[in-house]
Amino acid sequence: MHTTVYKLFRAPRNRNLKRKTWIAHTIWNYFLGWQRTRYALGLPYMSFKEMSREFTMLKNSHPEMFAHWRELNTWSAREILKRLNEGYVRFFKGLAKRPPKFRSWRKPYSFTMCRSGFKFADPKEGDLGFGVYNDKVRIMKRHYRFHLSRPILGNIKTVTVKADALGDFYMSVVTDHIATEVAPKTGEAAGYDFGIKTMFTCSDGTQRGSPAFYSTAQLKLKSAQQRQSSKVKGSNNRERERKKVARVHRKIRRQRENHHWKLAKQLVHQHDILCLETLTFEGMKRLWGRKVSDIAPYAFHLKLRHQAKKHGKQLCYIDRFEPSSKTCGFHCGQMDMFISLDVREWKCSGCERKHHRDVNAAINILKVGASTFGLGDVRLAIASGPCRLRPKSIPHDPHRKARIH
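Its first residue numbered 732, the sequence shown is counted upward by one per residue in our numbering.
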């Protein structure tokens, strides 16, 4: 599956999409309230099929109350009920901390069209009412133009329309196209250690810092939020200032995403195998707070997985309990347990070699990760040294295992 996001042109007719998102809110809140009422009365939970049947019955038998539900595509309404059911199922299985909650119409929402309700302009099929433009889409009997930043490849499976905090609408198109751009093999492997001061430290000693876009925009964001708080609630001036704050947040998010995509593509093109640690990012957020959120390591790992799969490279994740920082990364292998987090450099008690904490951890991550690959006669240029080593020269420990993606 391949997902591409397009931005719809700003136009007065977009208020129809805004009404569709409002209808999606009403369907979600209505059936969520029904589920809570049944729970309070001791009645069993309504499944997805039961909610779909009740939705059809209410829409047809009470048109005076639920006539607006007819404006939304049937498949879109089913997707809303499916989301609600999945939220409850995750809560029942213990995968979610709380059941689904009511949604405010002020916050952005989305609706998804699966099989019908949309049609893209195709020059091969003629005009079909689209006019001379190829960047048009018909969504529930209305035409909208969008920025065709890249071609739509493959068969379209789903189309999701969503508005952001500024009121701009975006269209997420999912197709069955498998994007593959096999990058040339470099014959290199590297280990990366995640940190707060430096985003990643490579096993060859190079460090890649994070620009910290949120911290850089703190002064501008602070002044915008202060101007918003000084306006009267519910006034047009407050709404105008709210959009300015949202615009700053959107710029921060886009800068971070752009940095992540470029860095992930660069790492994938430099190495054939990348070894990393499995970390609990939520726990790191509770410990370091905004610093971790500004780096957004989990979002970067998702992009790195996507780029590795797209370009035919491999990712290897070792266990986070591996003592990579406390073990001598060279031939000694001595482990010094009494090394606190504030110690950035330490001296091995076995070989008396001085280590940089992050570089040593990256070297150990590479050793543990590379020892799990059955590479055969393939030669790898291990990034921890200038010479090329055969895979068999990496010490293999059967108790150290890693997960390969």
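Quick reminder that beta carbons are idealized off the backbone N, C-alpha and C, glycines included. Owing to the predicted nature of the structure, the values given are computational and were not obtained by experimental measurement.
For residue i, which residues in the same chain have their Cβ closer than 7 angstroms to its Cβ, ignoring the five residues on either side in sequence?
| i | result |
| --- | --- |
| residue 833 | 760 and 763 |
| residue 926 | 932 and 1089 |
| residue 831 | 763, 815, 818 and 819 |
| residue 989 | none |
| residue 738 | 877, 878, 899 and 901 |
Just to check my reading of the structure: residue i and residue j have Cβ atoms closer than 8 angstroms, yes? What is that Cβ distance to the nearest angstrom?
| i | j | result |
| --- | --- | --- |
| residue 897 | residue 948 | Rounded, the Cβ-Cβ distance is 16 angstroms, inconsistent with contact. |
| residue 753 | residue 836 | 6 angstroms |
| residue 1101 | residue 1006 | 7 angstroms |
| residue 809 | residue 783 | 6 angstroms |
| residue 905 | residue 888 | 5 angstroms |
| residue 1051 | residue 1008 | 5 angstroms |
| residue 883 | residue 851 | 7 angstroms |
| residue 979 | residue 962 | Residue 979 to residue 962, Cβ: 16 angstroms. No contact. |
Who are the near neighbours of residue i in its chain, counting only those whose CB is closer than 6 angstroms to its CB and skipping five residues on each side?
| i | result |
| --- | --- |
| residue 983 | 944, 945 and 948 |
| residue 1108 | Reliability of the predicted coordinates at residue 1108 is poor, the pLDDT of 31 falling under 50, and no value is obtained from them. |
| residue 845 | 806 and 889 |
List the DSSP bridge partners of residue i.
| i | result |
| --- | --- |
| residue 1015 | According to DSSP, which records beta bridges pairwise, residue 1015 is partnered with nothing at all. |
| residue 980 | Answer by DSSP bridge pairing: none, since residue 980 is not bridged. |
| residue 922 | 1006 |
| residue 933 | 923 |
| residue 736 | 903 |
| residue 1164 | The displayed coordinates of the chain run from 732 to 1136. Any statement about residue 1164 would go beyond what the structure contains. |
| residue 842 | 892 |
Can you name, in chain order, every residue of its own chain whose Cβ lies under 8 angstroms from the Cβ of residue i, other than the five neighbours on each side?
| i | result |
| --- | --- |
| residue 742 | 875 and 876 |
| residue 1010 | 925, 1028 and 1051 |
| residue 1053 | 1008, 1095, 1096, 1099 and 1131 |
| residue 1012 | 1023, 1028 and 1029 |
| residue 790 | 797, 800 and 801 |
> With contact counted as at least three CB pairs below 8 angstroms, one residue from each stretch, are the stretch 1019-1034 and the stretch 948-964 in contact?
Replying inline: In short, these stretches do not touch, since the Cβ pair count stays below three.
>> Between the stretch 966-983 and the stretch 1015-1024, can you find at least three pairs of beta-carbon atoms closer than 8 angstroms?
In response: Contact fails between the stretch 1015-1024 and the stretch 966-983, because fewer than three Cβ pairs, one in each stretch, are under 8 angstroms apart.
> Quick one: any contact between the stretch 1035-1052 and the stretch 907-922, if contact means 3 or more CB pairs under 8 angstroms?
Replying inline: With the rule of 3 Cβ pairs closer than 8 angstroms, the stretch 1035-1052 counts as touching the stretch 907-922.
>> Quick check on the DSSP output: what are the complete alpha helix (DSSP H) runs of length 4 or more inside the stretch 739-788, in order along the chain?
In response: The stretch 739-788 contains these whole alpha helix (DSSP H) runs: 745-771.
>> Between the stretch 890-904 and the stretch 988-1004, can you find at least three pairs of beta-carbon atoms closer than 8 angstroms?
In response: The stretch 890-904 and the stretch 988-1004 do not touch, with fewer than three beta-carbon pairs separated by less than 8 angstroms.
>> Below 8 angstroms, how does it come out for the stretch 743-750 and the stretch 913-926: are there three or more Cβ pairs, yes or no?
In response: The stretch 743-750 and the stretch 913-926 do not touch, with fewer than 3 CB-CB distances between them shorter than 8 angstroms.
> For the stretch 875-908, which segments carrying the beta strand (DSSP E) assignment without a break, of at least 3 residues, lie completely within its bounds, in sequence order?
Replying inline: Whole beta strand (DSSP E) segments, 3+ residues: 887-894 and 900-906.
> With contact counted as at least three CB pairs below 8 angstroms, one residue from each stretch, are the stretch 839-847 and the stretch 816-825 in contact?
Replying inline: No: the two stretches stay apart, fewer than three of their Cβ pairs being nearer than 8 angstroms.
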